[in-house]
Amino acid sequence: MTETHRLFLALLSISLYLLWVAVLLFKQRKASNLDVSEHATLVVYASQTGTAEKVARAKAAALADMETTSVVSMSDLKLDTLSHVSKAIFVVSTYGEGEPPDAGRKFSSILKKAYSQSVLPLSHLSFEVVGLGDRQYTSFCAFAVSLFDGLNQLGGKAASPLMTLDSSKGEHLSLLDNLPSKNTETSLVLTVNKRTCLNTVNQTLASGGRGLYALSLGIQKAQTATSWVDDSLWEAGDILEVHIPASQQNTNAEDNVGRETATRSYTIASVTSEGDIKLVVRQVVKEDGTLGLGSGLLTHSSKLADSISGTIRKNESAYISDTQCPLILIAAGSGIAGVRAQLAKRASLQNAGPVWVFYGERHAEFDDVLDITLSPFHQAACLHKKSTIFSRDENGGYVQHLLQQYSKQVNAFIGSEGHVYVCGDFTGMGKGVDEILKSILGEGRYEQLHEQGRYHRDLY
Ligand SMILES: Cc1cc2nc3c(=O)[nH]c(=O)nc-3n(C[C@H](O)[C@H](O)[C@H](O)COP(=O)(O)OP(=O)(O)OC[C@H]3O[C@@H](n4cnc5c(N)ncnc54)[C@H](O)[C@@H]3O)c2cc1C
Ligand SMILES: Cc1cc2nc3c(=O)[nH]c(=O)nc-3n(C[C@H](O)[C@H](O)[C@H](O)COP(=O)(O)O)c2cc1C
């Protein structure tokens, strides 16, 4: 190699290195600034199932005539971003047992870390916090409370006292008045086309209210405030908010005290190409023998061909856009709805990444509903494995025990790119699954799963 060649190679290496550093700096700068102008009011939302996001967008719209606003998810927020603006409004929900929603976990620990360093990086910031929660939980709006305190402790000045709203009572609805029409959800008129009881409900089980029903709802009308909608109505992970008719509410007046909204949420179990909106609904039987408001309407009082109205609620935290990565789908009971939708999405694609389904129910004899629910996808090339467990059978257990049993394989399957989606009851399943995942993956990889948006939870 001649001297000129060596010189040329050295210059090329230095140029490539400088280019690489420039790209990294640009990426970092973009991430820290989030393209937010320093004169803009930053509106930050931390939302698990979309309500706080909607309120945040409505707040931004209400300010639009007077100020420049920029709406961001808390999952993209860094402390540095807040040092670029003088005014921020936070709209946050609370999840789990007084915890931040998944999108708020990272920022919550950033705040705690900053506070332990005894600096006041937010002394220039004027802020407002709106918390959404439900008073039925003991830690009502706990994340909003800790966020408000944390911002104060870091030197921020509260422009108004903390506002906490019970969304189950519709206390947030007046804030939505300014929601621009392009954000308005799609309203639907649906027809009950088919309803099947999936499990074998014997006398003993029926008394505990264990009927699990599959519903197929045809779409009569789909409309936003400004236009008709005919395709791409929903994504795997989205939720149908069923509106309970007033006549139904009167028969259950006690349960409905203070619930002006009278809606119930159900995870959509199908994808748009299937045509109908499919749901899997657990029939709730109360102590006095009457049925729950929403589940009663869907599994009992509505008849075939009846109309039901609802709204599609976007649930972006449950979207899995990478269709090539390994995917673990975990559910118990009615959570099979979300599993079905995620599998349906992959089954329709060529070269989709492998899917491993974990499902738990009570009795294999009565409740083994996995195969029938997933039957259209049995031949799907992406379906790697299905594992079931039944808690009330001999040597039975919960779905988290199943994960533990396969811990090595689960660890390898998730690897560094796999996604995990969990759907169903929070207390009975979601909490246990979360603990087992942490122990299988170890603290570091578990945190990465959260931070890289590879852990999707639709728990209720
Ligand atoms: C994001 C989200 C997604 C959901 N997806 C689904 C789904 O796919 N399928 C599904 O079946 N449900 C799902 N749910 C739960 C659903 O929204 C209702 O809460 C459930 O159907 C009970 O409502 P209800 O109106 O029938 O009972 P209500 O009239 O609200 O409740 C009557 C009484 O029963 C109690 N109760 C409520 N739920 C239960 C229960 N599960 N078991 C025992 N007692 C109960 C209540 O404390 C109350 O005292 C989801 C909830 C959320 C937030
Ligand atoms: C699994 C689960 C756990 C919840 N935990 C709490 C809680 O601890 N405290 C509270 O005030 N609200 C709690 N909520 C109620 C939500 O905060 C409330 O429904 C909120 O409007 C959801 O907003 P989002 O859709 O933006 O996430 C919980 C809701 C769910 C589904």
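Our numbering runs 525 ahead of the 1-based position in the sequence shown. The C-beta atom is built at its ideal place from N, Cα and C for all residues, glycine as well. All values derive from a computational prediction rather than experimental measurement.
Residue i in three-state terms, based on DSSP
| i | result |
| --- | --- |
| Thr848 | coil |
| Arg531 | helix |
| Leu723 | coil |
| Gln930 | helix |
| Val935 | helix |
| Ile478 | Since the first residue of the chain shown is 526 and the last is 985, residue 478 is not available in this structure. |
| Thr824 | helix |
| His1045 | Residue 1045 is absent from the model: the chain starts at 526 and stops at 985. |
| Ala778 | At Ala778 the pLDDT is 48, less than 50, meaning the model places this residue with poor confidence; the figure from the coordinates comes in the next sentence. It is helical. |
| Ser712 | strand |
| His975 | helix |
| Ile861 | helix |
| Glu760 | coil |
| Leu549 | Caution applies to Leu549, whose pLDDT of 49 falls short of 50 and renders its modelled position unreliable; the value that the coordinates give is listed next. Helix. |
| Gln748 | strand |
| Glu812 | coil |
| Val805 | strand |
| Ala683 | strand |
| Glu990 | Because the chain is modelled from 526 through 985, residue 990 falls outside the range shown and cannot be assessed. |
| Ala830 | coil |
| Asn677 | helix |
| Thr788 | strand |
| Arg554 | Unreliable positioning characterises Arg554 in this predicted model, as indicated by a pLDDT of 44, which lies under 50. The coordinate reading is nonetheless provided below. In this structure, Arg554 counts as helix in the three-state DSSP scheme. |
| Thr515 | No information on residue 515 is available, as it lies outside the stretch 526 to 985 that the chain covers here. |
| Phe668 | helix |
| Ser538 | helix |
| Leu700 | helix |
| Val958 | helix |
| Ser741 | strand |
| Arg660 | coil |
| Gly819 | helix |
Residue of the options minimising C-alpha distance to residue i
| i | options | result |
| --- | --- | --- |
| Gln849 | Gly943, Val596, Ala905 and Ala739 | Gly943 |
| Arg982 | Tyr844, Thr824, Ser562 and Arg531 | Tyr844 |
| Ala589 | Ser964, Ser608 and Leu567 | Leu567 |
| Ala577 | Gly743, Lys839 and Gly860 | Lys839 |
| Gly878 | Gln973, Glu960, Ile853 and Leu534 | Ile853 |
| Ala565 | Glu528, Phe533, Ser651 and Thr529 | Ser651 |
| Glu841 | Ser600, Gln774 and Glu960 | Ser600 |
| Gln642 | Gly675, Asn920 and Ser757 | Gly675 |
| Thr721 | Gln808, Ser772 and Lys682 | Gln808 |
| Tyr946 | Gly921, Ile744, Arg979 and Ile914 | Arg979 |
| Ser795 | Gln875, Glu696, Leu899 and Thr788 | Leu899 |
| Thr815 | Ala586, Gln773, Glu799 and Arg789 | Gln773 |
| Ala905 | Thr711, Val610 and Gln875 | Gln875 |
| Ser757 | Ser540, Glu972, Ala830 and Thr797 | Thr797 |
| Ser846 | Gln977, Phe533, Ser648 and Ser912 | Gln977 |
CB of residue i within 8 Å of CB of residue j, strictly
| i | j | result |
| --- | --- | --- |
| Lys747 | Leu704 | Looking at the sequence itself, residue 747 is Ala, so the reference to Lys does not match. Against a cut-off of 8 Å, the Cβ pair of Leu704 and Ala747 comes out as no contact. |
| Asn724 | Val894 | yes |
| Pro646 | Leu679 | yes |
| Cys948 | Val864 | yes |
| Glu624 | Phe668 | yes |
| Gln925 | Gly957 | yes |
| Gly819 | Ile769 | yes |
| Leu804 | Leu700 | no |
| Leu513 | Leu742 | For residue 513 there is no data in the structure shown, the boundaries of the chain being 526 and 985. |
| Leu928 | Ile965 | yes |
| Ala581 | Val596 | yes |
| Ile897 | Val717 | no |
| Gly858 | Val767 | no |
| Phe938 | Pro851 | yes |
| Val654 | Leu636 | no |
| Ile861 | Leu765 | no |
| Thr594 | Ala583 | no |
Below-8 Å beta-carbon distance, residue i vs any chain C residue
| i | result |
| --- | --- |
| Leu740 | In the displayed structure, chain C is absent; only one protein chain is listed. |
Any non-hydrogen atom of ligand 4 within 7 Å of residue i CB
| i | result |
| --- | --- |
| Cys666 | What this structure holds is ligand 1 and ligand 2, not ligand 4. |
**Request:** Note down, one range per segment and in chain order, each beta strand (DSSP E) of at least 3 residues found wholly within the segment 558-644.
**Result:** Within the segment 558-644, the complete beta strand (DSSP E) runs of at least 3 residues are 566-571, 594-598 and 612-618.
**Item:** 3-residue-minimum beta strand (DSSP E) runs that sit fully inside the segment 886-925, ordered along the chain
**Value:** 908-915
**Message:** Three Cβ pairs or more, each shorter than 8 Å: is that satisfied between the segment 653-673 and the segment 613-632?
**Reply:** yes
**Prompt:** Can you find at least 3 beta carbon pairs, one from the segment 628-638 and one from the segment 567-578, that sit closer than 8 Å?
**Reply:** yes
**Prompt:** Do three or more CB pairs link the segment 757-765 to the segment 866-873 at distances below 8 Å?
**Reply:** The count of Cβ pairs closer than 8 Å, one atom from the segment 757-765 and one from the segment 866-873, reaches three, so the stretches are in contact.
**Prompt:** For the 8 Å Cβ check, are there 3 or more pairs between the segment 685-697 and the segment 660-675?
**Reply:** They touch, by the three-pair rule.
**Request:** Check whether the segment 882-891 touches the segment 826-837, counting contact only when three or more Cβ pairs, one atom from each stretch, lie closer than 8 Å.
**Result:** No, the segment 882-891 does not touch the segment 826-837.
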